[in-house]
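Q: Counting in this note's numbering, the sequence shown runs from 2 upward without gaps. Questions regarding the structure given below will be posed in turn.
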Amino acid sequence: MTLSYVVLALAIAGGWTERAASPRFDVRVSIHARCAPGQVRDDCPRTLVADVLPRGGARPQRLRGAFPEAARDVARPDVLRVADLDFDGFDDLALCTGRDALGGAPSYTVYRYRPARGRFEVDRALGALQARSSGFFDVDRARRRLRLEAHGGSGRTTAEYGWHRDRPLRLREATVDASDGRRVRLVLGERIGGHWRERRWTRALDADWPAAFVAAEAAMRRGH
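See below:
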């Protein structure tokens, strides 16, 4: 997994700024509060602004998004994510715009860089996938895979995605469900020859069942 995280934070008038390093560009992220006369600053609506500053003198690009109160306690390294999500050799961006992912985890607006147009554009498919997970994408550059996890008190799903026709495509998925309190259900899905296939197991809910899920995840990562 390779992600370029925020490396510097500076306090400035109107908010704070962070810079992220990428081989091709820098990003200056600011959170600005717009306060009415007499309004307490902590109650002011806030806007997240990202200025993408390409190296080499290319034209900058400004990205904007709402920054709701629920997102204000997000750790600064999680406000901005930079990674090559589509494996085209160009870093993409994700800006935290809330806590709408599973379990109140940070949710993101995802921007893919479009080399032909020389600009970042919103990718709603990636944003929707991330919002249904419990975290951000784990990027496997060697295998050209994106990995997401979704977990709750009685279940957990790990899914892997590749790319097909410029869209993320689910390739493998392992799910464990122990919601009935007596048995555990394990489902291992895989895309084979363009078709989705699933194998299912059910066993007693005992101390040994997590090993079955770990083995299924390991098989998924090996491509078996």
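In this text, a Cβ means the ideal position worked out from N, Cα and C, and glycines have one as well.
Pull up the distance between the alpha-carbon of Trp202 and that of Ala143, whole angstroms please.
A: Approximately 31 Å, taken between the alpha carbons.
Q: Decide if the region 99-107 is in contact with the region 71-85; the criterion is three or more beta carbon pairs, one per stretch, under 8 Å apart.
A: Touching, yes.
Q: With distances taken between CB atoms, is the gap from Val53 to Val83 smaller than 8 Å?
A: Cβ atoms of Val53 and Val83: not closer than 8 Å.
Q: Which same chain residues, not among the five before or five after Cys45, have their C-beta less than 7 Å away from its C-beta?
A: Cβ neighbours of Cys45 beyond the five flanking positions: Ala34, Arg35, Cys36.
Q: Return helix, strand or coil for Arg118, following the three-state DSSP convention.
A: Three-state DSSP puts Arg118 in coil, outside helix and strand.
Q: For the alpha helix (DSSP H) containing Pro78, name the first residue and the last one.
A: Segment 77-80, the alpha helix (DSSP H) holding Pro78.
Q: Pull up the DSSP beta-bridge partners for Phe26, would you.
A: DSSP output for Phe26 lists Pro55 as bridge partner(s).
Q: What do you reckon, are the CB atoms on Asp101 and Asp93 nearer than 8 Å?
A: Contact flag unset, no.
Q: How many angstroms separate the CA atom of Pro55 from the CA atom of Arg125?
A: Distance between the alpha carbons of Pro55 and Arg125: 24 Å.
Q: Using only the alpha-carbon positions, how far apart do Glu122 and Arg204 sit?
A: Near 46 Å, if we compare the C-alpha coordinates of Arg204 and Glu122.
Q: Checking 8 Å against the spacing of the C-beta atoms, do Gly194 and Glu174 come in under that value?
A: In this structure, Glu174 does not lie closer than 8 Å to Gly194 by Cβ.
Q: Would you mind giving the Cβ-Cβ distance between Ala160 and Ser135, rounded to the nearest angstrom? I have them listed as a contact below 8 Å.
A: With 8 Å as the limit, Ala160 and Ser135 do not qualify as a contact, their Cβ atoms being about 11 Å apart.
Q: Give the straight-line distance between the Cα atoms of Ala71 and Arg171, rounded to the nearest whole angstrom.
A: So the two alpha carbons sit approximately 30 Å from each other.
Q: Tell me which residues share the same chain as Arg192 and place their Cβ nearer than 8 Å to its Cβ, disregarding the 5 neighbours each side in the sequence.
A: Cβ within range, chain order: Leu170, Arg171, Leu172, Arg173, Arg198.
Q: Compute the Euclidean distance between the alpha carbons of Phe91 and Leu64, then round it to the nearest angstrom.
A: C-alpha separation (whole angstroms): 17 Å.
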